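There are 2 protein chains.
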Amino acid sequence: MARTDTRFRQAHNDLLATLPAVGGQLPSEVELATRLGVSRTVVRAVLAKLAADGILQINGRAKQVLRPALGKDRLPLRDDYTSREDLEDRFLDWVLRFDVPAGTALNVTRLSRDFNVPPHLLQEFLASLGQSGLVERRARGGWRLLGFTPDYAIELSEFRQVLEVNAIRTLAGLPESHAVWPALDAITDEHLDLLARIDTDFHDFSPLDGRFHALINSVVKNRFVAEFQKVISLIFHYHYQWDKTMERHRNEAAIREHLAIIKALKARDLAGAEQAARTHLATSKETLLSSIRVHHHV
Amino acid sequence: MARTDTRFRQAHNDLLATLPAVGGQLPSEVELATRLGVSRTVVRAVLAKLAADGILQINGRAKQVLRPALGKDRLPLRDDYTSREDLEDRFLDWVLRFDVPAGTALNVTRLSRDFNVPPHLLQEFLASLGQSGLVERRARGGWRLLGFTPDYAIELSEFRQVLEVNAIRTLAGLPESHAVWPALDAITDEHLDLLARIDTDFHDFSPLDGRFHALINSVVKNRFVAEFQKVISLIFHYHYQWDKTMERHRNEAAIREHLAIIKALKARDLAGAEQAARTHLATSKETLLSSIRVHHHV
DNA sequence: AGCGGTGCTTTTTATCATTAAAGACACCAT
DNA sequence: ATGGTGTCTTTAATGATAAAAAGCACCGCT
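Protein chains in written order, with my numbering: chain A, 761 to 1058; chain L, 761 to 1058.
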């Protein structure tokens, strides 16, 4: 058919929930529209419905409440579609977790059913993934999953290294007054804190790692870098989630590598910092690769 | 309605064009499908149509030609939609050339009419542009053009510099036997050749520039780099097309900068090559920026 | 009995008509 | 004059639908 009337139903229920007492008046359509966050068209449809249900009496600009709203006046909402972000998460989860072989043809209909989104949005989502190289348009219809292969992981890691080493260089050249320095101090403390309780809390490392790399990269103000950083952190983050081998040991080592980078940066030792960063990124790359290999051999 | 039957019509006409003489036989459906590049379903539809038109007599696997094909047997084709590549070109052309202000809301219906593509494909195209930062999804429907602003150009140039300096570093470390060295020699000659006839042929520089940068970047085998290289060269290339100020002088200077980079590379002078590359990229950036400014003030 | 072939069915995708929603404009009432 | 409503136009999301692809089963010929 056509667009869903979710918007209308939502506004309808929202208005019912905040209805004035019997005999009270409702404000103008424009104000209601602002309040409910919808267009006047929707507001008018809701008002018409309420009038038809005998809840309101509408007469020009007078909108008097005739009776209180009952439970059965509420309009049922269909369970909502998955949001764009959820979709991204769930799709990556599917690709990375279930080890979908490279080259698999993607079935838009099936996926959209599984992920509970209109096919339309899935299509758009796949198109937006195009640039990340995980997925490809087939010549005559449909999509092909290129997959999260070792090749892919290597190239992603190398690209990450280029970006991050560049960030380190930029950072090392920043003046003392720059906000990044106190932020580095703060995150150093967080690292030391976690290190002290690493035996029990090593799971806390993943978010800290994310914030550390985000901080480093934040000094490069560039929309392209930022865009890629999103893909990168997404993928690395996902792998942290399910590669449990040697997790405690790995995380402790990574914390020490982070601290080495920070130490060199604070000493304004560009060469040292760059070297430390390369070491750390190489470790990350190996971790990522080994987790793929382990996964592939399960 | 539904899918267009362009595929069917095309196959129909193609088959007519290669029809054997009267009395001859057609090969199997599978073979025809391969030959025409379509599925068997389409082939069968075509054969049925030809039988209905009295051109073929079909009897089990015998497909005999009854009469030659006439001009009026050909099915008319609707003028075809714009291809994906054309769309990309035309869209960028529109954005860059007509100086669409940043923040403009894009009208999918109108654009799809103007560009002669189904709205559907335009949607997909806009989604795929998402990553390049030129366009953004609005909260409740529609798209917004973020536009090709000076900010955008600066960040693009900086990103380009990060990638290309990295390529230069990689290149300088390659062994003598690597194929890039003879390729560099060859492109050096092309530069010298163009330099000799620069007064008349300065228009030939743009493609040469494209090939030079592509060669430099070709040593980095990375799908993410390659992806971005496409965006970058597209945009720089577009600007070359219509910024005619000082074109001859600019191009001559650029050729000399290219030669300086090559010279340093061949001397394995990494620092020198990097410096020369930075200089050249800075010039490029200025050119791009000034062409935007000029354009904005027209 | 095997294999090249066809008949038929089942998916799956691209397109389009339809409807919800947004926005614009003109007019009305106070 | 200003805040409001009535009405119309435009636009985008959605589901129905037709085209194409892919799969399955069987047939006939050697």
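All residues carry an ideal CB built from backbone N, CA and C; glycine is no exception. Since we're looking at a predicted model, the values are computed, not measured.
Contact belief for residue i with residue j at Cβ below 8 Å, rounded distance in angstroms
i: Phe984(A); j: Phe988(L); result: 7 Å
i: Arg929(A); j: Glu1034(A); result: 7 Å
i: Val790(L); j: Arg804(L); result: Between Arg804(L) and Val790(L) the Cβ distance is about 11 Å, and since that is not below 8 Å, they are no contact.
i: Lys823(A); j: Leu830(A); result: Their Cβ separation, rounded to whole angstroms, is 19 Å, which puts Lys823(A) and Leu830(A) out of contact at 8 Å.
i: Leu847(A); j: Val868(A); result: With 8 Å as the limit, Leu847(A) and Val868(A) do not qualify as a contact, their Cβ atoms being about 13 Å apart.
i: Ser888(A); j: Gly890(L); result: 5 Å
i: Val940(A); j: Val979(A); result: 6 Å
i: Glu896(L); j: Leu906(L); result: 5 Å
i: Leu944(L); j: Ile992(L); result: About 21 Å; that fails the 8 Å criterion.
i: Leu1019(L); j: Thr948(L); result: 7 Å
i: Leu916(A); j: Ile818(A); result: About 60 Å; that fails the 8 Å criterion.
i: Leu1041(A); j: Arg920(A); result: 6 Å
i: Glu884(A); j: Glu845(L); result: Between Glu845(L) and Glu884(A) the Cβ distance is about 20 Å, and since that is not below 8 Å, they are no contact.
i: Pro861(A); j: Ile1052(A); result: The Cβ separation is near 13 Å, so there is no contact.
i: Arg821(L); j: Ser788(L); result: 7 Å
i: Leu955(A); j: Ile1015(A); result: 5 Å
Per-residue DSSP class, three states only, for residue i
i: Lys823(A); result: strand
i: Leu866(A); result: strand
i: Leu816(L); result: strand
i: Leu882(L); result: helix
i: Ile1052(A); result: helix
i: Leu931(L); result: helix
i: Leu905(A); result: strand
i: Ser1044(L); result: helix
i: Thr794(A); result: helix
i: Arg1038(A); result: helix
i: Arg763(A); result: coil
i: Val1058(A); result: Confidence in Val1058(A) is poor, its pLDDT being 47 and thus under 50, which makes the residue's placement unreliable; the coordinate value appears in the next sentence. Looking at Val1058(A) - three-state DSSP - the assignment turns out to be coil, as it is neither helix nor strand.
Endpoints, the beta strand (DSSP E) within which residue i is located
i: Val895(L); result: Val895 to Arg897
Other residues of its chain near residue i: CB distance less than 8 Å, five sequence neighbours each side excluded
i: Asn773(L); result: Arg834, Leu835 and Leu837
i: Asp959(L); result: Arg1008
i: His997(L); result: Ser966 and Gly970
i: Trp903(A); result: Ala865, Leu866, Val868, Leu886, Val895, Glu896 and Arg897
i: Pro780(L); result: Leu786 and Val825
i: Arg1038(A); result: Gln921 and Val925
i: Tyr912(L); result: Gly893, Leu894 and Leu906
i: Arg1010(A); result: Thr1047
i: Ala974(L); result: Gln989 and Ser993
i: Arg850(L); result: Thr842 and Phe875
i: Ala1013(L); result: Thr1043
7 Å CB neighbourhood of residue i in its chain, flanking five on each side removed
i: Glu950(A); result: Leu968
i: Ala932(L); result: Leu1025, Arg1028, Leu1030 and Ala1033
i: Ser872(A); result: Pro878, Pro879 and Leu882
i: Arg827(L); result: Val782, Gly814 and Ile815
i: Leu796(L); result: Ala771, Asp774, Leu775 and Val803
For residue i, the first and last residue of its enclosing alpha helix (DSSP H)
i: Ser966(A); result: Phe965 to Ser978
i: Gln770(A); result: Thr766 to Ala777
i: Thr960(L); result: Ile958 to Asp961
i: Glu1012(L); result: Glu1007 to Lys1026
i: Asp849(A); result: Arg844 to Arg857
Spatial neighbours of residue i in its chain, beta-carbon cut-off 6 Å, leaving aside the 5 residues before and after
i: Ile976(A); result: Ala927
i: Trp854(A); result: none
i: Leu856(L); result: Phe908 and Tyr998
i: Lys1004(L); result: none
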